[in-house]
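Sequential numbering from 33 applies to the sequence shown in the working numbering.
Every residue, glycine too, gets a C-beta built ideally from N, C-alpha and C.
Encoded as structure tokens, the structure appears first; notes follow it.
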Amino acid sequence: MKNIAVIGTGYVGLVTGVALSEIGHSVICVDIDEQKVASMREGISPIYEPGLSELMKKNYEAGRLSFTTSHEMAFAGADAIYIAVGTPQKEDGTADLRFIESVARNIAEYLADYAVVVTKSTVPVGTNDYIKQYIEKHTDVPFDVVSNPEFLREGSAVHDTFNGDRIVIGSSTGLAASILKEINKPFGIPIFKTDIRSSEMIKYASNAFLATKISFVNEIAALCEKLGANVDDVAQGMGQDKRIGEKFLNAGIGYGGSCFPKDTSALVQIAGNVEHEFTLLKAVIEVNYKQQRLLIDKAREHFDSLRGKTIAMLGTAFKPNTDDMREAASTILARELVLAGANVVAYDPVAMEPARKLFPEAVDFVDSVESALDGADAAFLVTEWDEFKELTPAQYVSFLKEPVLFDGRNCYDLEKMKAAGIEYYSVGRPV
Ligand code: UGA
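Set out below in structure tokens:
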């Protein structure tokens with residue numbers, strides 16, 4: 033059992049802290065937001081993440097998990113200090129390291145005894161060296177810095193933490209690597225040890241590669257539409273080749289979220305800083321830009337003009353099982369629909385509050401999928417929530433004025449939609 037401090041209680045920090053306490057460590061999570069800390073002490077999770085609240089409550093009550101706003105208190109007796117603060121994107125696409133820098137200052141100020149400083153946040157290659165130098169300059173207390181990137185997905189963060197494919201540990205000292213290995217052993221996940229810079233790069237390269245897979249299949253989808261092929265079958269046939277793999281080949285309206293858009297732009301910038309033009313990744317980003325607007329293009333082709341049309345928007349979150357709206361295609365679609373003179377009626381099972389803040393004021397929000405569809409000229413399926421996947425063709429026919437459906441996530445069977453008389457447009461499949 034180790035004493036662990038986790039700084040930052042966003043997706044990564046809170047899930048990491050809760051998971052580390054679940055495997056038996058004594059964890060104290062630090063956040064500067066007093067209100068957030070107070071509500072976590074009441075057992076209320078600040079984020080919607082399946083399974084998280086239950087585990088949080090269980091470990092809090094067992095005394096293995098606590099919350100504080102005091103860095104000093106959290107660092108006292110800590111064997112490891114996990115940095116899990118955000119690295120938002122600056123306007124020029126680079127990662128904003130303000131929060132990382134402020135944590136480094138706090139560590140330098142309050143570190144009392146040897147500890148391993150573990151970077152969970154996604155940081156540009158070289159940042160851990162910078163953190164190390166900064167802390168070294170301001171304290172005589174010994175410490176090591178380790179890069180330990182996070183690969184969890186929002187919406188399945190708890191599951192991913194306990195079932196990851198690998199745990200990457202980038203360290204320049206044997207002592208720090210062995211402490212991290214010991215901490216992570218109870219997860220039973222293979223550990224890959226490397227140097228710090230390679231570890232930092234593994235995180236960016238992994239996200240950039242997954243984004244590439246998505247943009248690649250979306251380009252194939254565009255070709256399939258023109259050539260009369262079906263991208264679902266194409267992806268399945270490709271994916272059966274183990275070298276390609278079947279995952280992350282779902283064509284649709286592109287990738288959103290807090291990671292892929294930010295990390296791909298940051299990697300292009302990182303490459304640019306060392307005079308390398310990352311041509312491939314730039315194209316991946318460009319394809320995604322087009323893809324997020326695809327449903328509007330299809331609707332314009334169908335209706336000629338969208339003025340006065342009522343569009344039911346099914347789903348606003350960037351993907352199912354999360355209330356996260358960051359870089360969600362829905363925001364772009366809502367804005368463009370309103371600009372084109374359409375009326376938008378939106379529904380999402382959990383992400384309506386954040387959507388209200390981002391969508392144009394003219395968008396109406398309703399509290400059921402039926403109310404969204406009722407009397408609309410067409411539906412845009414934006415997020416593939418189970419609730420939407422379970423809708424039958426008959427429901428679309430009975431609620432929509434003329435049954436026209438633009439499905440951005442290929443949720444339904446083409447034949448069934450056709451048989452029900454629905455004008456069904458999906459991505460990369462025959463109309
Ligand atoms: C992603 C990675 O999958 C995680 O491994 C990583 O840890 C995380 O970023 C991060 O860097 O923190 P996440 O953004 O939560 O996780 O979501 P994903 O499930 O990967 O989906 C990202 C986007 O890609 C979504 O908009 C999704 O709809 C889209 N997507 C995904 C597709 O369009 N097609 C696919 O086949 C898969």
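Query: Using only the heavy atoms of the ligand UGA, determine whether one of them is closer than 6 Å to the beta carbon of residue 393.; Result: no
Query: Any chance the stretch 374–381 sits against the stretch 325–345, with 3 or more Cβ pairs inside 8 Å?; Result: yes
Query: Taking residue 417 as the reference, which of 446, 352 and 362 has the closest Cα?; Result: 352
Query: Identify every run of the alpha helix (DSSP H) within the stretch 293–335, keeping only runs that are complete inside it and at least 4 residues long; order them along the chain.; Result: 311–323 and 326–335
Query: In the DSSP output, which residue or residues are listed as bridge partners for residue 152?; Result: Per DSSP, none; premise fails for residue 152.
Query: By the three-class DSSP mapping on this structure, what secondary structure does residue 134 have?; Result: helix
Query: List the endpoints of the continuous beta strand (DSSP E) containing residue 241.; Result: First-last for residue 241: 228–259, but that is the alpha helix (DSSP H), not the beta strand (DSSP E).
Query: Less than 7 Å between the beta carbons of residue 381 and residue 355, yes or no?; Result: no
Query: Within 10 Å of its beta-carbon, does residue 442 have 16 or more other beta-carbons around it, so buried, or fewer, so exposed?; Result: buried
Query: Around the Cβ of residue 445, are there at least 16 other Cβ atoms within 10 angstroms (buried) or fewer (exposed)?; Result: exposed
Query: So the candidates are 58, 215, 99 and 335; which of them puts its Cα closest to the Cα of residue 65?; Result: 99
Query: Put residue 100 into one of helix, strand or coil per three-state DSSP.; Result: strand
Query: First and last residue of the beta strand (DSSP E) that includes residue 439?; Result: 436–439
Query: In the DSSP assignment, find the unbroken alpha helix (DSSP H) run with residue 384 in it and report its ends.; Result: 384–390
Query: Any heavy atom of the ligand UGA within a distance shorter than 6 Å of the CB on residue 350?; Result: yes
Query: Between residue 454 and the ligand UGA, is there a pair consisting of the residue's CB and a ligand heavy atom that are separated by less than 6 Å?; Result: no
Query: Taking 6 Å as the cut-off, is the C-beta of residue 461 nearer than that to any heavy atom in the ligand UGA?; Result: no
Query: Consult DSSP for residue 194 and reduce its assignment to one of helix, strand or coil.; Result: helix
Query: Flag this pair as touching only if the stretch 318–336 and the stretch 258–266 have three or more C-beta atom pairs under 8 Å; answer yes or no.; Result: no
Query: Given the structure, does residue 280 come close to the ligand GTP, in the sense that its CB is under 6 Å from one of the ligand's heavy atoms?; Result: With respect to the ligand GTP, the structure shown offers nothing to examine, as its ligands consist of the ligand UGA.
Query: So, with DSSP's three-state summary, where would you put residue 267?; Result: helix
Query: Does DSSP classify residue 411 as helix, strand or coil?; Result: strand
Query: If you run the structure through DSSP and keep just helix, strand and coil, what is residue 280?; Result: coil
Query: Do you know whose CA, among 459, 440, 460 and 435, lies nearest residue 450's CA?; Result: 435
Query: In angstroms, rounded to a whole number, what distance separates the CA positions of residue 228 and residue 152?; Result: 12 Å
Query: Assuming residue 361 contacts residue 292 (C-beta within less than 8 Å), just tell me the rounded distance between them.; Result: With 8 Å as the limit, residue 361 and residue 292 do not qualify as a contact, their Cβ atoms being about 12 Å apart.
Query: Count the other C-beta atoms from every protein chain shown that fall within 10 angstroms of the C-beta of residue 24, then say buried if there are 16 or more, exposed otherwise.; Result: Outside the displayed range of the chain (33 to 463) lies residue 24, so it cannot be described from this structure.
Query: Mind checking whether the beta-carbon of residue 246 lies closer than 6 Å to any heavy atom of the ligand UGA?; Result: yes
Query: List in chain order: all unbroken beta strand (DSSP E) runs of 3+ residues lying wholly within the stretch 165–216.; Result: 175–179 and 199–203
Query: At which residues does the beta strand (DSSP E) containing residue 363 begin and terminate?; Result: Element bounds for residue 363: not the beta strand (DSSP E) but the alpha helix (DSSP H), 361–371.
Query: Is residue 300 near residue 189, with beta carbons less than 7 Å apart?; Result: no
Query: Quick one: any contact between the stretch 96–110 and the stretch 264–276, if contact means 3 or more CB pairs under 8 Å?; Result: no
Query: Closest Cβ-Cβ distance between residue 179 and chain B: below 7 Å?; Result: Given the protein chain composition of this structure (a single chain), no chain B is represented.
Query: According to DSSP, what are the bridge partners of residue 225?; Result: 201
Query: Quick check on the burial criterion: 16 or more other C-beta atoms within 10 angstroms. Buried or exposed for residue 93?; Result: exposed
Query: Only counting the same chain, and skipping five residues up and downstream in sequence, which positions put a Cβ closer than 7 Å to that of residue 171?; Result: 140 and 143
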